[in-house]
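What follows is a set of notes on a single structure, which appears directly below.
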């Protein structure tokens, strides 16, 4: 048995797992560890490096750390280690500083930040409790085998969601309760094997519905009939789980079948022309110029000219076509979008129309069991690889947006504004070229962090301001090239300087950075390579 399976974290989560299985399936199905492989099936892998001091493997969320650098687990870090001040020559330009601090640079894995406790086998955890074999979890509790979520409670094998609770194997959703194998849904409860439901309750094998109740295969039923069939189907699921320790995913059920192209073609005639929304890229340009002025001391112009540089450490997209109209659909590397059947993709408008139009018949309903489900729901199973809800304004070529304003060429903009070329910004403003930034503002090329202000090239940090090229820092301000420190001001290479001397060095270095970016549209150095020993 893995030692983590004997921890207090595991025992508490296993207790909650058993309670949740009684809620979802009507009965317990066995200990959580027996389902670990199935629950972790959709999570992204962590990346391992070896600790320089202990030789043990250290886990990282992103793969960009240089292999020839020094690594340590968070519990091995000496936050009070002392270093000598750098000389005047060593801080005169950015290359000299990097050369001087490279020997004291150490990348820490298994990062857990803020007020977090009872965390086992996990990384990039912020202000969370009872987290087991998970990554990118913030402001959550009781999570096992999860990835990329916030404000979650009591979820198992779930990925890419917010404000969800008491659910198993859900993804790309918000405000769900008591759901199983459900994707792309919002403000709903008691959903099973469903996709893209909004404000729905008690639905099985349903797709692209709004405000539905007691539906199976998009066919709405009387509550008593629904309850009877639900009990039968969930009992069947529990039996298979106890025997095989897994169930097929929704995508596996429908992925091998062909859509009804004639039905889609007929439905296409009912599409209404979409009203073109005004898009103002000048607002994005203005925000980029102001942010670079604040962060680098010089406003840079033309955000698209810096596009390749800003998206370097984010996520990519591919282009596919709608099965109904052939219209181009952008598919982001997020949630399970890349796994959606390419022959069953629809635009958001088409998917909503399909949900209103397609349902299984009463005769098919009476034949329904888990083995036949994939074939019977084939005529209703269409997927939209996106998620746009709430108050949205001036969203340009961005995917997965919730209450967002002025977002350009990004993925997963949540309650954020004035953003471009990011992956995953939460409750943030004026963010450019970042990956996984929470509750931050005026930041550029920062990663896996929270509560940052006016920062550039900062990774795995929290509660920092005016920091540059820093890793694993908390409550650090007006500092540069710092690794694994807390509570520092005016520091270079982990050593504090008189305020005036620090300000002089900072001005000189930022001037060099801004000039090089303006000239080359890239810098050639980042927090992910300055610690390399070569």
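Numbering (this note's numbering), first residue to last: 631 to 1164.
Beta carbons are placed, not taken as given, at the ideal position from N, Cα and C, and that holds for glycine.
From a predicted model like this one, the values you see are computed outputs, not experimental measurements.
- DSSP places residue 1097 in the strand class (E or B) of the three-state scheme.
- Taking the Cα positions, residue 772 is about 11 Å away from residue 781.
- In this structure residue 669 touches residue 787 by the C-beta definition: roughly 3 Å separates them, less than 8 Å.
- DSSP, reduced to helix, strand and coil, places residue 994 within a helical segment of the structure shown.
- Assigned with DSSP and collapsed to three states, residue 1155 falls in coil, not helix or strand.
- Residues of the same chain with a CB within less than 6 Å of the CB of residue 769, apart from the 5 flanking positions on each side, are 757, 780, 781 in chain order.
- The alpha-carbon of residue 1163 is positioned some 9 Å away from that of residue 729.
- Excluding its 5 nearest sequence neighbours in each direction, residue 1047 has C-beta neighbours in its own chain below 7 Å: 1034, 1035, 1036, 1059, listed in chain order.
- Scanning its chain for C-beta atoms nearer than 8 Å, with the 5 sequence neighbours on each side dropped, one finds around residue 872 the residues 659, 660, in chain order.
- In this chain, residue 672 is not harboured by any beta strand (DSSP E), its DSSP state being neither H nor E.
- Per DSSP, the beta-bridge partners of residue 840 are 828.
- Following the DSSP letters along the chain, one finds residue 766 inside the beta strand (DSSP E) bounded by residues 765-768.
- If you ignore the 5 residues before and after residue 795, its C-beta comes within less than 6 Å of the C-beta of 783, 784, 807, all in its own chain and listed in chain order.
- Here the alpha carbons of residue 791 and residue 801 stand approximately 6 Å from one another.
- In the structure shown, residue 681 adopts coil according to DSSP, grouped into three states.
- Remark: fewer than three beta-carbon pairs, one from each stretch, lie closer than 8 Å, so the region 948-957 and the region 924-931 are not flagged as touching.
- With a 10 Å radius around the Cβ and a threshold of 16 neighbouring Cβ atoms, residue 1009 comes out buried.
- Cβ-Cβ distances below 8 Å link residue 847 to 834, 835, 836, 989, 990, 994, 995, 998, 1006, 1007, 1010 in the same chain, with the five nearest sequence neighbours on each side left out; the list follows chain order.
- Remark: C-beta atoms of residue 1051 and residue 937 approach each other more closely than 8 Å.
- Assigned with DSSP and collapsed to three states, residue 1121 falls in strand.
- Selection 707, 724, 845 evaluated against residue 1154 yields 724 as nearest (Cα-Cα).
- Annotation for residue 1085: the continuous beta strand (DSSP E) segment containing it runs 1077-1089.
- As the crow flies, the alpha-carbon of residue 684 is around 47 Å from that of residue 826.
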